[in-house]
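Here is the structure we will look at, set down as structure tokens.
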Amino acid sequence: MTDVPIKVENIVASATLGKSIELPKVAPALEGVEYNLEQFPGLVYKLKEPKTAALIFGSGKLVCTGAKSIDNSVKAIHITVDKMRKLDSEIPEEFNIKVQNIVASANLGKTLNLEAVALDLENTEYEPEQFPGLVYRLEDPKVVLLLFGSGKVVCTGAKTIDDAQLGVEKTKERLGELDLI
Amino acid sequence: RLRKWQRKIRISGATERNLAFALSELDRDSSRLGLPRSVREAASVVYRSAVENKLIRGRSIEGVVAASLYAACRRCNVPRTLDEIAEVSRVSKKEVGRTYRFLTRELNIKLPPTSPVDYVPRFASELSLSGEVQSKAIEIIEKAMEKGLTSGRGPTGVAAAALYIASVLLGERKTQRDVADIAGVTEVTIRNRYKELTEQLDMGVTL
DNA sequence: GCTTTAAAAAGTAACTT
DNA sequence: AAGTTACTTTAAAAAGC
């Protein structure tokens, strides 16, 4: 019954369109697209709704970041690819999409004494000179959490929402076992 | 066989040359930071063990020296910030921090986060503050730590605010600007810590 | 390792007003 | 002194230097 609600803040997903793409050819279909091939090998296209950013590569692979739900990430990718297909009808209608990372935030409800957590909790890094959060690496699920003195937490590295949720719960449980919360 | 022998000589020659370079680099950084020989020695011990454990691969000697020195300063309780280390070495703050994490992990060196208390003597002497002010500042910091007022806050900012408060309380007032400059933080940070400490600890408003 | 994207947490910094 | 913007940390993919 640990039941700590988490909020998904960002989803990173990749798609493989299955066909190489001539970036200069599809670029005109994406209003406001940015591309400095000297600086970065992909096109950068920002969608307003769902508010996301897509990185499009000549290999036919694409990365979508910024969505707050898996549905929106998938939706954003399809909207972007549909526009590209208007200038390149060879782009398949169906392709694979894979969630690569999920960032979520949560509130443990109680404040934390980070110096104490740093001493007793395993696999942590805490360098307040550099960053106010304590870095906690969980092995199962394999996620990384940032713990703050306020009791707020950020969980990243999860591939599924369940893992992000589990990561937060296990962290709270472990803190409880060590009498740190 | 002769070839193998020559290679061995060449390699050990390079090893010695690298060690000599590392130690001269360490001397240069240490003197620029005004560190005592004991800290320099501690740093060379860290550096040598890094070499023995083959941790230099893929890293610059300067970077490992800087990180070793950063670690030694912390272990000897005479901390220098990553910015200060980066300033005197020719290594970026990011590189020093990254190499430091690598070394502490690989050499199983576990250092607790720098305590604001360790910055008090240095800042106080640069500000010409008395031992009474230092003691008072340390007392303030210890109370703050007990109440969890230091979690997530930069150690230099906490030390600076505590010294500022102590200097006012004991009639040796220094301006926030002077303290901020010595501690390497902004006046805004001192004010934020100052408010937090005076409000959440005892102290009546002493502004 | 770097480049580019997005987003949260909390502290600190650098500018404006 | 208040506001704003921006940078620190974490993860992950993409193609290439």
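Listed in order, the protein sequences are those of chains A and B. Be aware that the first sequence starts at 7, since it is given in the working numbering, and climbs by one per residue. Be aware that the second sequence starts at 599, since it is given in the working numbering, and climbs by one per residue. For every residue, glycine included, the Cβ atom is placed at its ideal position computed from N, Cα and C.
Considering only residues of the same chain and omitting the five flanking positions on each side of residue i, which have a CB-CB separation below 8 angstroms?
{"i": "LEU705 (chain B)", "result": "VAL644, SER647, ALA648, ASN651 and LEU653"}
{"i": "SER111 (chain A)", "result": "ILE12, LYS13, GLU15, LYS158, VAL159, VAL160 and CYS161"}
{"i": "ALA122 (chain A)", "result": "LEU186"}
{"i": "ARG775 (chain B)", "result": "GLU785"}
{"i": "LEU23 (chain A)", "result": "GLY66, LYS67, LEU68, VAL87, ILE97, PRO98 and PHE101"}
{"i": "MET90 (chain A)", "result": "ILE27, VAL32, ALA35, LEU36, ILE62 and ILE97"}
{"i": "ALA664 (chain B)", "result": "ASP627, ILE683, ALA684, SER687, VAL689, GLU693, VAL694 and THR697"}
Answer yes or no: does any C-beta atom of chain B fall closer than 8 angstroms to that of residue i?
{"i": "LEU181 (chain A)", "result": "no"}
{"i": "ASN119 (chain A)", "result": "yes"}
{"i": "PHE154 (chain A)", "result": "yes"}
Which chain A residues sit within Cβ distance under 8 angstroms of residue i?
{"i": "LEU680 (chain B)", "result": "GLU135 and GLN136"}
{"i": "GLY695 (chain B)", "result": "GLU133 and GLN136"}
Just to confirm my understanding: we take residue i, look at its own chain, exclude 5 residues before and 5 after, and list those with CB closer than 6 angstroms. What are they?
{"i": "ARG688 (chain B)", "result": "GLU660"}
{"i": "GLY695 (chain B)", "result": "LEU680"}
Would you mind working out which of the options sits nearest residue i, comparing C-alpha positions?
{"i": "LEU68 (chain A)", "options": "A:ILE76, A:ALA82 and A:LYS74", "result": "A:ALA82"}
{"i": "ARG720 (chain B)", "options": "B:PRO710, B:SER733, B:LYS708 and B:LEU709", "result": "B:SER733"}
{"i": "THR166 (chain A)", "options": "A:ILE17, A:GLU44 and A:PRO11", "result": "A:ILE17"}
{"i": "GLY173 (chain A)", "options": "A:ASP185, A:GLU183, A:GLY182 and A:ARG143", "result": "A:ARG143"}
{"i": "SER728 (chain B)", "options": "B:LEU768, B:VAL662 and B:PRO634", "result": "B:LEU768"}
{"i": "VAL662 (chain B)", "options": "B:GLY656, B:THR697 and B:ILE763", "result": "B:THR697"}
{"i": "LEU192 (chain A)", "options": "A:GLU135, A:LEU184 and A:LEU114", "result": "This structure gives no information on residue 192 (chain A), because the portion of chain A shown stretches from 7 to 187."}
{"i": "VAL686 (chain B)", "options": "B:LYS741, B:SER749, B:THR702 and B:TYR668", "result": "B:TYR668"}
{"i": "LEU633 (chain B)", "options": "B:ARG678, B:LYS602 and B:LEU617", "result": "B:ARG678"}
{"i": "ILE753 (chain B)", "options": "B:SER765, B:ALA764 and B:GLU740", "result": "Here the sequence assigns Pro to residue 753 (chain B), which means Ile is not the residue at that position. Nearest C-alpha to PRO753 (chain B): B:GLU740."}
{"i": "ARG655 (chain B)", "options": "B:GLU623, B:ASP625 and B:PHE700", "result": "B:PHE700"}
{"i": "THR712 (chain B)", "options": "A:GLU133, A:LEU125, A:LEU120 and A:ALA124", "result": "A:GLU133"}
{"i": "VAL141 (chain A)", "options": "A:VAL149, A:LYS148 and A:GLU131", "result": "A:GLU131"}
{"i": "ALA620 (chain B)", "options": "B:GLU730, B:SER666 and B:VAL715", "result": "B:SER666"}
{"i": "PRO30 (chain A)", "options": "A:ASN119, A:ASN42 and A:THR71", "result": "A:ASN42"}
{"i": "LEU93 (chain A)", "options": "A:PRO47, A:VAL32 and A:GLN45", "result": "A:VAL32"}
In chain A, what lies closer than 7 angstroms to residue i by C-beta?
{"i": "PRO820 (chain B)", "result": "Since the first residue shown for chain B is 599 and the last is 805, residue 820 (chain B) is missing from the structure and cannot be characterised."}
Compare the C-beta of residue i with all C-beta atoms of chain A and state if any pair is closer than 8 angstroms.
{"i": "SER749 (chain B)", "result": "yes"}
{"i": "ARG789 (chain B)", "result": "no"}
{"i": "GLY746 (chain B)", "result": "yes"}
{"i": "ARG699 (chain B)", "result": "yes"}
When you measure from the CB of residue i to every non-hydrogen atom of the ligand PLP, does any distance come out below 7 angstroms?
{"i": "PHE700 (chain B)", "result": "Summarising the ligand content, the structure contains no ligands, and the ligand PLP is consequently not present."}
What residues from chain B crowd round residue i, counting only those whose CB sits closer than 8 angstroms?
{"i": "GLY139 (chain A)", "result": "GLY750"}
Residues of chain A with CB closer than 9 angstroms to the CB of residue i, please, in chain order.
{"i": "PRO753 (chain B)", "result": "PRO134 and GLU135"}
Closer than 7 angstroms by C-beta to residue i: which residues in its own chain qualify, once you throw out the five before and the five after it? Chain order, please.
{"i": "ALA670 (chain B)", "result": "VAL637, ALA640, ALA641 and VAL644"}
{"i": "THR117 (chain A)", "result": "GLY155, SER156 and GLY157"}
{"i": "PRO56 (chain A)", "result": "ALA73, ASN78, LYS81 and ALA82"}
{"i": "ILE85 (chain A)", "result": "LEU53"}
Handout entry: Start-end ranges of the alpha helix (DSSP H) lying completely within the region 113-175 of chain A, minimum 4 residues
Key = Counting only runs of 4 or more, we get 120-126.
Exercise for the section: Within the region 731-759 of chain B, note down every full beta strand (DSSP E) run reaching 3 residues or more, in order along the chain. Expected result: none
Handout entry: Contiguous alpha helix (DSSP H) assignments of at least 4 residues, all confined to the region 658-716 of chain B
Key = 659-673, 680-686 and 691-704
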